[in-house]
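Numbering (our numbering), first residue to last: 109 to 433. All C-beta atoms in this analysis are idealised placements derived from N, C-alpha and C, irrespective of residue type, glycine included.
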Amino acid sequence: MAKITLGKAINAGLRAAMEADPKVLVMGEDIGKLGGVFRITEGLQKDFGEDRVIDTPLAESGIIGTAVGLALRGYRPVCEIQFDGFVFPAYDQIINQVAKMHYRSMGKIRMPVVIRIPYGGGIGAVEHHSESPETLFAHVNGLKVVTCGDPVDAYWMIQQAIASDDPVVFFEPKRRYHEKAELDESVPPALPLHKAKVAREGTDATLFCYGPMVKTCLQAAEVAAEDGRNLEVVDLRTISPFDLETIFASVKKTRRAVVVHEATLSFGPGSEIAARVTEECFYHLEAPVLRVTGYDTPYPPSRMEEEYLPDLDRVLDGIDRVMGY
Numbered sequence: 109m110a111k112i113t114l115g116k117a118i119n120a121g122l123r124a125a126m127e128a129d130p131k132v133l134v135m136g137e138d139i140g141k142l143g144g145v146f147r148i149t150e151g152l153q154k155d156f157g158e159d160r161v162i163d164t165p166l167a168e169s170g171i172i173g174t175a176v177g178l179a180l181r182g183y184r185p186v187c188e189i190q191f192d193g194f195v196f197p198a199y200d201q202i203i204n205q206v207a208k209m210h211y212r213s214m215g216k217i218r219m220p221v222v223i224r225i226p227y228g229g230g231i232g233a234v235e236h237h238s239e240s241p242e243t244l245f246a247h248v249n250g251l252k253v254v255t256c257g258d259p260v261d262a263y264w265m266i267q268q269a270i271a272s273d274d275p276v277v278f279f280e281p282k283r284r285y286h287e288k289a290e291l292d293e294s295v296p297p298a299l300p301l302h303k304a305k306v307a308r309e310g311t312d313a314t315l316f317c318y319g320p321m322v323k324t325c326l327q328a329a330e331v332a333a334e335d336g337r338n339l340e341v342v343d344l345r346t347i348s349p350f351d352l353e354t355i356f357a358s359v360k361k362t363r364r365a366v367v368v369h370e371a372t373l374s375f376g377p378g379s380e381i382a383a384r385v386t387e388e389c390f391y392h393l394e395a396p397v398l399r400v401t402g403y404d405t406p407y408p409p410s411r412m413e414e415e416y417l418p419d420l421d422r423v424l425d426g427i428d429r430v431m432g433y
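Shown next as structure tokens:
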């Protein structure tokens with residue numbers, strides 16, 4: 109069983125979906141001949157042809173609008189937005205067409221569109237190339253918003269997203285594209301798309317995280333274990349809708365929680381988790397739900413990334429604070 113990177117796992121998942129269903133199309137800027145700026149779609153146009161792997165103009169609104177039309181005709185388009193900061197010209201199409209078409213048609217029209225977005229920091233990129241806009245999409249009813257944290261999840265989750273009859277915004281942690289793990293394609297996925305994953309069992313506190321922060325939180329849990337603290341790590345995987353069953357079960361077990369994400373502090377996923385946990389699990393809590401996040405500022409220049417992004421030290425500080433109550 110060979111090791112595979114997260115980026116290659118997404119490529120393999122796209123390939124598997126395209127082999128299984130001729131209605132699956134892939135489209136985006138430079139995704140055909142070039143294979144995408146991160147080479148996630150490398151080789152697909154050569155193997156499936158230009159009719160199924162489509163190089164588009166530099167027009168994100170046009171990409172999503174075309175996907176809406178294709179979905180109406182029975183196709184399953186997979187759109188790549190080249191960088192997170194480039195998605196905003198398409199926001200109108202995503203919010204007013206992709207997310208609402210099923211509801212607006214009283215369930216008669218399905219919109220099986222997947223929108224792939226590389227997101228987050230850690231690559232030293234220029235402006236508009238390192239953003240964490242997941243909350244802007246999680247707030248919109250009618251969309252599933254998911255993100256993978258390791259190659260195995262990447263391989264299966266992209267296929268599950270494509271198979272969904274609901275639109276899915278699929279966030280890919282670009283700084284983890286080269287992380288490796290063993291992948292056995294013959295072993296079916298352990299979880300459905302909407303379920304969170306307990307990545308590490310623990311009893312003293314829970315770290316809730318997703319995407320690029322999963323590795324950081326697992327590292328923090330290992331360091332905390334050296335001090336006798338047994339941390340549980342829950343990879344949320346789905347940002348909207350949250351798997352509240354798994355979230356509540358973990359909090360009721362550990363009685364303390366820290367939410368970790370790159371998105372900004374205010375109005376972020378951590379705020380919603382804190383509110384839901386307080387409403388449902390108040391009498392189980394030994395401490396307030398704490399958050400370790402990006403700061404409430406525009407994303408900084410690349411030379412200041414390390415000061416902005418949550419890191420091991422900040423997560424460990426969050427653990428110290430929640431355990432100190």
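Can you check which of these residues, the options, is closest to residue i by C-alpha distance?
i	options	result
D138	H302, R123, P165	P165
E370	P408, R160, Y433, A271	P408
S374	T405, H286, R345, V295	T405
R363	N338, F350, K303	N338
I266	R429, D428, R123	R123
V276	A382, P296, C187	C187
G426	D200, P377, V322, A328	A328
P197	I189, I203, S169	S169
A262	D419, A313, L291, I171	L291
R422	Y433, D155, V400	V400
L301	G228, W264, D312	W264
K305	T354, A120, H247	T354
D258	K116, I217, T386	K116
P185	V206, D200, T386, A110	V206
Y433	V366, E334, E280	V366
S294	C317, R308, V260, F278	V260
D224	L178, E413, T113, I118	The amino acid occupying residue 224 in the given sequence is Arg; Asp does not appear at that position. Looking at the Cα atoms, I118 is the closest of the given residues.
K303	L326, H286, T311, A357	A357
S238	E334, D274, P226, I172	P226
F278	G319, R411, A289	G319
K252	S410, S240, E388, I202	I202
D273	K323, V222, G173	V222
L178	P281, V132, K208, V248	V132
Along the chain, where does the beta strand (DSSP E) that runs through residue i open and close?
i	result
Y227	222 to 227
G136	132 to 136
V253	252 to 255
Tell me whether residue i sits in a helix, a strand or coil according to DSSP, three-state version.
i	result
T113	strand
P281	strand
E242	helix
I203	helix
I231	coil
D145	It is worth fixing the name first, because residue 145 is Val in this sequence and not Asp. Here V145 sits in coil by DSSP.
I217	coil
L299	coil
Y263	helix
D129	coil
D335	coil
G182	coil
E394	coil
E380	helix
E330	helix
E158	coil
E150	coil
G121	helix
G456	With the chain covering only 109 through 433, there is no way to say anything about residue 456.
Based on DSSP bridge pairs, tell me the residues matched to residue i.
i	result
C389	Answer is none; C389 lacks a bridge partner.
L315	V341, V366
A187	Position check: residue 187 holds Cys in this sequence, whereas Ala was assumed. Answer is M135, I223.
K305	D343
V276	V222, K252
E290	K111
T372	G402
S348	V253
For residue i, report the span of its alpha helix (DSSP H) as first-last.
i	result
G402	No alpha helix (DSSP H) contains G402, which is instead part of the beta strand (DSSP E) from 398 to 402.
V195	No alpha helix (DSSP H) holds V195; DSSP gives it neither H nor E.
D163	Run containing D163: none in the alpha helix (DSSP H); it sits in the beta strand (DSSP E), 161 to 163.
R212	209 to 212
E414	413 to 416
R87	Because the chain here runs from 109 to 433, residue 87 falls outside it and cannot be looked at.
L166	Note, L166: premise wrong, no alpha helix (DSSP H); not H, not E.
D258	Segment: none, D258 is in no alpha helix (DSSP H) and carries neither H nor E.
Please tell me whether residue i has its Cβ less than 7 Å away from any Cβ of chain C.
i	result
G257	No chain C is part of this structure, which consists of one protein chain only.
Using 8 Å as the Cβ pair cut-off and three pairs as the minimum, do the stretch 155 to 162 and the stretch 212 to 220 touch?
The stretch 155 to 162 and the stretch 212 to 220 do not touch, with fewer than 3 CB-CB distances between them shorter than 8 Å.
So does the stretch 140 to 159 actually touch the stretch 229 to 241, counting three or more Cβ pairs closer than 8 Å?
Contact between the stretch 140 to 159 and the stretch 229 to 241 is absent, because fewer than three Cβ pairs lie under 8 Å.
Should the stretch 341 to 352 be called in touch with the stretch 311 to 326, which here means at least 3 C-beta pairs below 8 Å?
Yes, they touch.
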